[in-house]
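S.K.:
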Amino acid sequence: MSSTSRRAPLASPTAQARVDRASSADRAFLAMDRGLVPQQFGVVLGLEGHLDLSAVTELVAERVRAVPRLRQRLVRVPFGLGGPLWLDDAGFDVRRHVREVSCPPPGDEPALMDVALSAVTTRLPPDAPLWSIVLVGDVAGGRSALVVVLHHVLADGIGGLGVLAALVDPGRESFPAEFPRPRPTVTTLLEDSVATKLQALVGLPASWRLLRSSMTAGGGLRPPPAAACSLVQRIGPRRQVLVVRWDVDSLRAAAHAHSATVNDALLVAVAGALEQVLRHRGEHADRLSIAVPVSGRPADADRSVGNLVSPLLVAVPTTGPQRRRLAEVAAAVKALKPLALAPAPIAVLGWLFRPLAALGGYAWYLNHQRRFHTLVSHVRGPAAPLSFGGSRIDSAVPLGVADGGNTTVYVDALSYDGTLTLAAVVDPDHFPDADVLTRALEDELRAVCSPS
């Protein structure tokens, strides 16, 4: 019998029980998950050649041991014993998480993206660790793909890269450990709960200072309203993804020539492209408000679990010389980014945010907000090519599909092996001119790389 068909042996009673609680940010993402589209994200890894499901399952079964969170469930505890715990799933079976589907004809990228969107928008079962891997066969050119899906309660984008690093070749070294570990006793939980509350009280002044910083980075309590336009309107559950690729070295060189970053250049390109879409619709906006997730994860922090991002709100000009727009955005981000390194407001105010979200308050806000026009997320991935099961990974497309409220388009960008891949996710019922956006993104990236 293969190792993938066996459940892990039970831990001995003498194994050390550890209290591993969900962070306030993790719980906030769980509280947000009330809409038709789950709070999940993923990445589509294009593979050269075909992989066998049993081989993929064997590899995943071995490599998840290096990321304990992938074999854990979030479990609530009785009142008075503190917040939810991450506990080892005694019934963990990797076969519940890895499956195979065929890419429908013609097996091209749009067909593959439809399969990936279906995987990412399918709600993960709550009675198992919140992740899945879909092996997609019959991709054009004799290729295959892996769609890796994570719930946001597990990790943010940087954390997702950490998970990915453990799954690809050659895997990450894992040390033998008994599984599942025993649950903490009631006494242990009570002691930990009291200690956590005391620590929170001691750190309250610092928390309020950090809250002011992150609120300022995110636009404050009452930012100037985003200009009224058709980019902001109530959307439905359908999604379509548009993929644009660009040479990351040329974009970086153009950005650095004007003391800017790749992220700054990306914001200018996206804003310019959306202005082209608005002009196509007979509209115009001098500036577009773009929300940017900023990682507050220290360089030496665990890169495979948890959520450590705060929002940064940037007003990006859509007209004028490229170099002026790039310089303005670079200056704004440089001034605000240090403030966004503080914990997100939804984490600091978790005690207030979670019940409001559970009652539908966050969903109402998303449907009526006038703070931003779109969201742009950029994660820097591996510069060298990776492989899985001996097959070279020749592309990596990021996908974030959480409930967008009234945001008709948002963009995820991931650099990998010299290529910056932009995945613009739209609601096709409220963003019907997707082809215009695709061409506009290419035009604007070209313009940024040759600023006038």
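Counting in my numbering, the final residue of the sequence shown is number 464, and the numbers go up one at a time with none missing.
Note that the Cβ used here is the ideal one computed from N, Cα and C, for glycine as well.
Kindly give me the distance between the Cβ atoms of L57 and V127, rounded to whole angstroms, as I take these residues to be in contact under 8 Å.
M.R.: The Cβ separation is near 13 Å, so there is no contact.
S.K.: Whole angstroms are fine: how far does the CA of V55 sit from the CA of V260?
M.R.: Rounded to the nearest angstrom, the two C-alpha atoms are 18 Å apart.
S.K.: In terms of alpha-carbon separation, which member of E456, A229, V49, G248 lies closest to V256?
M.R.: If we check each option's Cα against that of V256, E456 comes out closest.
S.K.: Tell me the DSSP secondary structure of F400 in three-state form.
M.R.: Reduced to three states, the DSSP call for F400 is strand.
S.K.: In this structure, how does DSSP classify P25 when only helix, strand and coil are distinguished?
M.R.: Residue confidence is low: P25 scores 42 on pLDDT, short of 50, so the model does not pin down where it sits. Its coordinate-derived value is still stated next. Residue state, collapsed to three classes: coil.
S.K.: So, are the CB atoms of A37 and R366 less than 7 Å apart?
M.R.: Cβ atoms of A37 and R366: not closer than 7 Å.
S.K.: Could you tell me how far apart the beta carbons of G393 and L426 are, in whole angstroms, since I believe they sit closer than 8 Å?
M.R.: Indeed they touch by this definition, with Cβ atoms about 5 Å apart.
S.K.: Could you tell me the boundaries of the alpha helix (DSSP H) in which F41 lies?
M.R.: It spans 36 to 44 - the alpha helix (DSSP H) in which F41 sits, taken as one unbroken run.
S.K.: Shortest alpha-carbon distance to V76 belongs to which of G94, R250, A339, F191?
M.R.: When only C-alpha atoms are compared, the closest one is F191.
S.K.: Using CA coordinates, which residue listed in V110, L93, G94, F104 is at the minimum distance from T69?
M.R.: When only C-alpha atoms are compared, the closest one is V110.
S.K.: Are A339 and H270 close, meaning C-beta to C-beta below 7 Å?
M.R.: For A339 and H270, yes; Cβs fall inside 7 Å.
S.K.: Taking R107 as the reference, give the member of R83, D100, P90, A123 with the closest Cα.
M.R.: Of the listed residues, the one whose Cα sits closest to R107 is R83.
S.K.: How is the alpha helix (DSSP H) around Q211 delimited, first residue to last?
M.R.: It spans 198 to 214 - the alpha helix (DSSP H) in which Q211 sits, taken as one unbroken run.
S.K.: Suppose you measure from the CA of D232 to the CA of N319; what does that come to, to the nearest Å?
M.R.: For the record, residue 232 in the displayed sequence is Gly; it is not Asp. Distance between the alpha carbons of G232 and N319: 21 Å.
S.K.: Please report the Cβ distance between L254 and V438, rounded to the nearest whole angstrom; I am assuming they are in contact, meaning their Cβ atoms lie under 8 Å.
M.R.: L254 to V438, Cβ: 7 Å. Contact.
S.K.: Assess contact between the segment 445 to 455 and the segment 81 to 96, defined as three or more Cβ pairs (one per stretch) separated by less than 8 Å. Is contact present?
M.R.: Flag = no, the segment 445 to 455 and the segment 81 to 96 do not touch.
S.K.: Considering only residues of the same chain and omitting the five flanking positions on each side of L166, which have a CB-CB separation below 7 Å?
M.R.: Around L166: R81, L142, W143, V317.
S.K.: Taking 7 Å as the threshold (C-beta atoms), are S322 and A505 in contact?
M.R.: Outside the displayed span of the chain (13 to 464) sits residue 505, for which this structure offers no information.
S.K.: From which residue to which residue does the beta strand (DSSP E) around L97 run?
M.R.: Start and end: 97 to 100.
S.K.: Scan the segment 102 to 138 and note each continuous alpha helix (DSSP H) run of 4 residues or more that stays entirely inside, going in chain order.
M.R.: Here the runs fully enclosed are 121 to 133.
S.K.: Give me the residue from V151, L129, P397, D100 with the minimum Cα distance to D139.
M.R.: Checking every option, the nearest Cα to that of D139 belongs to D100.
S.K.: If you compare alpha carbons, which of I302, N275, V289, P350 is closest to Y308?
M.R.: The amino acid at residue 308 is misidentified as Tyr; the sequence shows Gly. Checking every option, the nearest Cα to that of G308 belongs to P350.
S.K.: Check for me: the beta strand (DSSP E) holding I302 runs from which residue to which?
M.R.: First-last of the beta strand (DSSP E) with I302: 299 to 307.
S.K.: In whole angstroms, give me the CA-to-CA distance for A189 and L97.
M.R.: Computed Cα separation, rounded: 19 Å.
S.K.: By how many angstroms is the C-alpha of Y428 removed from the C-alpha of T174?
M.R.: Inspection of the sequence shows that residue 174 is occupied by Gly rather than by Thr. Rounded to whole angstroms, G174 to Y428 spans 14 Å at the Cα level.
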